[in-house]
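**Q** Structure in structure tokens, see below.
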Amino acid sequence: MTVSAALREAYASGDDEGVIVETLEVDHASLDTAILMIRNVDGQLGEPGETMNLPRVEGGPRVPHLLCAFEVIGPGADSDGPTDGKIRIDNVSDLLHSLLKGAIGYDQAIRVTIRFYRVLPGRLDEVPRPDDDSFTGLEMTAVEISADSAEGTIAWPDGRQQNVPSGPDAFFDRTSYPALFT
4 MTVSAALREA YASGDDEGVI VETLEVDHAS LDTAILMIRN VDGQLGEPGE
54 TMNLPRVEGG PRVPHLLCAF EVIGPGADSD GPTDGKIRID NVSDLLHSLL
104 KGAIGYDQAI RVTIRFYRVL PGRLDEVPRP DDDSFTGLEM TAVEISADSA
154 EGTIAWPDGR QQNVPSGPDA FFDRTSYPAL FT
């Protein structure tokens with residue numbers, strides 16, 4: 004996934020006019036609603052534990068995100084193939100502990116989405132949508148929780164481990180992919 008030219012320029016410029024705000028969404032089938040967090044940039048957005056409303060999609064409702072400290076290293080790739088990403092979240096261990104307890108017994112992964120918003124000072128309420136550089140479809144593959152932080156490994160799902168259905172719901176059918184069936 005590439006970073007758009009506008010977002011690269013904003014990161015590189017050191018522009019105090021615009022701030023890049025990062026959000027983290029952690030979701031699982033056992034949850035009623037996703038856990039939404041917003042990275043508090045040097046305390047500029049408010050106090051930890053407060054919430055801030057942002058849209059998750061263009062035209063969508065503004066939903067509350069919990070202000071907290073977290074670090075994200077997005078997944079990527081090198082000459083050996085895909086590389087895992089990492090997240091570290093401070094002081095919300097109770098939220099993720101209850102998530103992990105609820106995930107026991109499910110055969111579904113914990114899903115993670117990272118969104119970026121470019122915001123001008125005092126104009127956070129005018130943000131219409133996240134930037135196009137969001138990381139979606141990630142899965143949390145390992146989690147470690149301590150009293151003061153939670154760390155997890157995130158990656159895109161490995162397609163080699165997924166079952167390919169047959170019959171009328173097949174991804175590959177004889178008509179569209181005849182070479183696979185000869």
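Following my numbering, the numbering of the sequence shown begins with 4 at its first residue and continues without gaps.
Positions of the beta carbon are idealized from the N, C-alpha and C atoms, including for glycine.
Values in this document were obtained by computation on a predicted structure and should not be read as measured data.
Nearest CA to the CA of Thr116: which residue from Met143, Ser101 and Leu102?
**A** Stepping through the sequence shown from its first residue, residue 116 is reached at position 113. Checking every option, the nearest Cα to that of Thr116 belongs to Met143.
**Q** Within the continuous beta strand (DSSP E) that includes Tyr120, where are the two ends?
**A** As a position in the sequence shown, residue 120 is number 117, starting the count at 1. It spans Ile113 to Val122 - the beta strand (DSSP E) in which Tyr120 sits, taken as one unbroken run.
**Q** Can you find a C-beta in chain B that's less than 7 Å from the C-beta of Ala72?
**A** Among the protein chains of the structure shown there is no chain B, as only one such chain exists.
**Q** Start and end of the beta strand (DSSP E) containing Arg42?
**A** Here the question's residue 42 lines up with position 39 in the sequence shown. That run of the beta strand (DSSP E) goes Ile38 to Arg42.
**Q** Spatial neighbours of Arg42 within its chain, please: C-beta separation below 6 Å, excluding the five flanking residues on both sides.
**A** The residue given as residue 42 occupies position 39 in the sequence shown. Closer than 6 Å at the Cβ level, and outside the excluded window around Arg42, lie Glu25 and Phe73.
**Q** Note down, in chain order, each residue of its chain lying with its Cβ closer than 7 Å to the Cβ of Val60, except the 5 sequence neighbours on either side.
**A** Mapped onto the sequence shown, residue 60 falls at position 57. Excluding positions up to five away in sequence, the list reads Arg132.
**Q** From what residue to what residue does the beta strand (DSSP E) around Ala158 run?
**A** If you number the sequence shown from 1, residue 158 lands on position 155. Run containing Ala158: Ser152 to Ala158, per the beta strand (DSSP E) assignment.
**Q** Does the distance from the C-beta atom of His68 to that of Leu39 stay below 7 Å?
**A** Taking the first residue of the sequence shown as position 1, residue 68 is located at position 65. Taking the first residue of the sequence shown as position 1, residue 39 is located at position 36. Cβ distance < 7 Å, so His68 and Leu39 count as in contact.
**Q** Within 10 Å of its beta-carbon, does Arg118 have 16 or more other beta-carbons around it, so buried, or fewer, so exposed?
**A** Working through the sequence shown from its first residue, we reach residue 118 at position 115. Arg118 is buried by the Cβ-count criterion.
**Q** Helix, strand or coil: how does DSSP classify Leu141 here?
**A** Taking the first residue of the sequence shown as position 1, residue 141 is located at position 138. Looking at Leu141 - three-state DSSP - the assignment turns out to be strand.
**Q** Can you tell me whether DSSP reads Asp93 as helix, strand or coil?
**A** Counting from 1 along the sequence shown, the entry for residue 93 is found at position 90. DSSP places Asp93 in strand when its eight states are reduced to three.
**Q** I'd like the span of the beta strand (DSSP E) that includes Phe184, first residue to last.
**A** The residue you call residue 184 lines up with position 181 of the sequence shown. First-last for Phe184: undefined, no H or E at that position.
**Q** With a cut-off of 8 Å on the beta carbons, I'd call Ile90 and Leu183 a contact; round off their distance for me.
**A** One-based indexing of the sequence shown puts residue 90 at position 87. One-based indexing of the sequence shown puts residue 183 at position 180. About 38 Å separates the two Cβ atoms, so there is no contact after all.
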